[in-house]
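FYI, in our numbering the residues of the first sequence are 156 to 363. The block underneath contains the structure these notes are about, expressed in structure tokens.
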Amino acid sequence: MLDNLNIPKPEEEAFFLQPTLELAQSLIGATLWRHLGSEITGGVIVETEAYISAVDPASHNYRRPSKKRAAMYGPPGTAYIYFTYGMYHCFNVVSEPEGVSAAVLIRAVYPIYGQEIMAARRRLAAPQLTMAAGPGRLCMAFALTRADNMADLRGNDLWISGPSNYYPIEKGTIRTSSRIGISSGQELQWRYYSAGCPAVSGPAALRR
DNA sequence: CTTGAGATGTTCT
DNA sequence: GAACATCTCAAGA
């Protein structure tokens, strides 16, 4: 098990500067970390979706740039967090150079650190592998809200590190599908996930 | 395992 | 008004 001294450091800017579709794949197997007060939580990213405003009808800022969604234009490695369905938050990693609107939605992580904290935030009796499966659940488990919008993902409180030995993912096991919960842009296969992973969201057919 | 309804706030038409 | 990058719970197969 990891201890505090072994928690890895953030990725460099170059990692986040990869083209959005490549970044969405590279993020599978990377680890999301959050340090809030005395609580540390960490999870290996197992499911992502790419959104590229210039060409993607499902993306925020498509044809109609919005001031409220300015974070998507921010420098690569910025957090874009928005509130949806009246109850939930979604967490994105901003990609592409500053001024370009694009991001990768982090849909699910495999919990590897601070599981008890995540379970408590989810109001579960005990930790579950699925407690951060789905963008809304993930934000609850990591206590991410609009207050964290625009945060630098290479900071001390919220960051992303490279592949984990604790839950390694082989490149060959990454699959693609249509994105979940959208009506336009379904022809784009921009969802990436680790096949067969129990921490991926959605019905069984979308986890194989 | 699947389906469907309800909860809820912000943004868009 | 309607739609929405969602989740939970209860009911049915």
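Yeah, the Cβ is synthetic: ideal placement off N, Cα and C, and Gly gets one too.
Of the residues Ala287, Pro252, Asp312, the one whose Cα lies closest to the Cα of Gln173 is Pro252. Counting C-beta pairs closer than 8 Å gives three or more between the stretch 191 to 206 and the stretch 264 to 272, which meets the contact rule. Looking only at Leu308, Lys326, Gln341, Ile324, the smallest Cα-Cα distance to Gly229 is reached by Leu308. Burial state of Asn216 is buried, judged by a 10 Å Cβ sphere holding 16 or more other Cβ atoms. One Cα belongs to Ala275, the other to Pro282, and the distance between them is close to 8 Å. With 16 or more other Cβ atoms inside 10 Å of its own Cβ, Leu293 counts as buried. Excluding five sequence positions before and after Gly291, the CB atoms of its chain that fall closer than 6 Å to its own CB belong to Tyr243, given in chain order.
In this structure, Val201 lies near Ala354, with their beta-carbon atoms less than 8 Å apart. Note on geometry: alpha-carbon atoms of Thr203 and Gly241 lie some 22 Å from one another. DSSP places Gly291 in the uninterrupted alpha helix (DSSP H) bounded by 290 to 296. Counting only unbroken stretches of 4 or more residues, the alpha helix (DSSP H) elements lying wholly within the stretch 289 to 344 are 290 to 296, in sequence order.
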